[in-house]
Amino acid sequence: FINFITWVPGLIWFVRHVGSVGAITGQSMSPTLNPIPGDKDLVILNKYVSSQFWYKTGDDYKIGDVVMLISPNDPNLIICKRILALPGDIVSVDDPGQLDSSRKGKKIRIRIPPSHVWVEGDKSVLDAQASDAGHNLIRPSSRDSREFGPVPIGLITARVDMILWPPSRFG
1 FINFITWVPG LIWFVRHVGS VGAITGQSMS PTLNPIPGDK DLVILNKYVS
51 SQFWYKTGDD YKIGDVVMLI SPNDPNLIIC KRILALPGDI VSVDDPGQLD
101 SSRKGKKIRI RIPPSHVWVE GDKSVLDAQA SDAGHNLIRP SSRDSREFGP
151 VPIGLITARV DMILWPPSRF G
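Residue numbers 1 to 171, in full-length UniProt numbering, belong to the letters of the sequence shown in order.
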């Protein structure tokens with residue numbers, strides 16, 4: 001029993017600052033994660049890249065990384081998105097002042113400020129491709145930077161490094 005108690009603090013520290021396993025819910029990252037509605041992918045979460053304990057600056061992130069972050073709209077919610085732009089990059093998005101969602105709106109350009117990233121769900125990329133093909137979309141399938149703008153790097157809690165489950169998608 002004493003051996004078990006001595007391992008608990010080390011395990012807690014490891015899970016908070018190095019890595020853990022997480023379950024992904026929702027469809028905003030489909031088809032990369034949860035390609036089948038109702039399924040939950042289990043993933044390895046790399047917390048080393050985001051831990052304040054290690055005095056990280058955010059240089060460990062790159063475009064294309066899938067990350068877990070605290071939602072800017074709801075601090076009790078952890079969301080999973082892909083980084084599409086880094087500090088200093090410029091993104092072009094639909095003008096939020098456009099009221100008619102069935103028409104393509106005017107685009108605006110946003111420069112990502114220092115210590116921020118632009119994140120979107122993979123489903124949003126598929127939606128944009130469908131929109132470009134002439135399909136009308138009522139609303140985005142992902143709540144992401146198109147809704148809340150650039151995200152402070154400090155809200156990122158982990159990087160998704162690997163799919164553990166289901167076994168057919170391991171890696």
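Beta carbons: idealized from backbone N, C-alpha and C, even for Gly.
The model shown is predicted, which means the values in this text are computed figures rather than measured ones.
Burial state of residue 77 is exposed, judged by a 10 Å Cβ sphere holding fewer than 16 other Cβ atoms. When DSSP states are grouped into helix, strand and coil, residue 26 belongs to the coil group. A straight line joining the alpha-carbon of residue 39 with that of residue 69 spans about 21 Å. DSSP places residue 93 in the uninterrupted beta strand (DSSP E) bounded by 90-94.
Residue environment: residue 160 is assigned as buried (16 or more neighbouring CB atoms within 10 Å of its CB, all protein chains considered).
When DSSP states are grouped into helix, strand and coil, residue 8 belongs to the helix group. If the five residues before and after residue 91 are omitted, its C-beta is found closer than 6 Å to the C-beta atoms of 85, 110 and 118, all from its own chain and listed in chain order. By the Cβ neighbour-count rule, residue 8 is exposed, with fewer than 16 other Cβ atoms within 10 Å of its own. In this structure, residue 164 keeps its C-beta atom at 8 Å or more from the C-beta atom of residue 66. In the structure shown, residue 145 falls within a helical segment according to DSSP collapsed to helix, strand and coil. In this structure residue 63 is exposed. Its beta-carbon is surrounded by fewer than 16 other beta-carbon atoms within 10 angstroms. Here DSSP, grouped into helix, strand and coil, assigns residue 50 to coil.
The three-state secondary structure of residue 168, taken from DSSP, is helix. With respect to residue 142, residue 151 sits apart: the two C-beta atoms are not nearer than 8 Å.
When DSSP states are grouped into helix, strand and coil, residue 19 belongs to the strand group. In chain order, 148, 151 and 155 place their CB closer than 7 Å to the CB of residue 72, counting only its own chain and leaving out the 5 sequence neighbours on each side. Between residue 19 and residue 46, the beta carbon gap of about 5 Å places them in contact (Cβ cut-off 8 Å).
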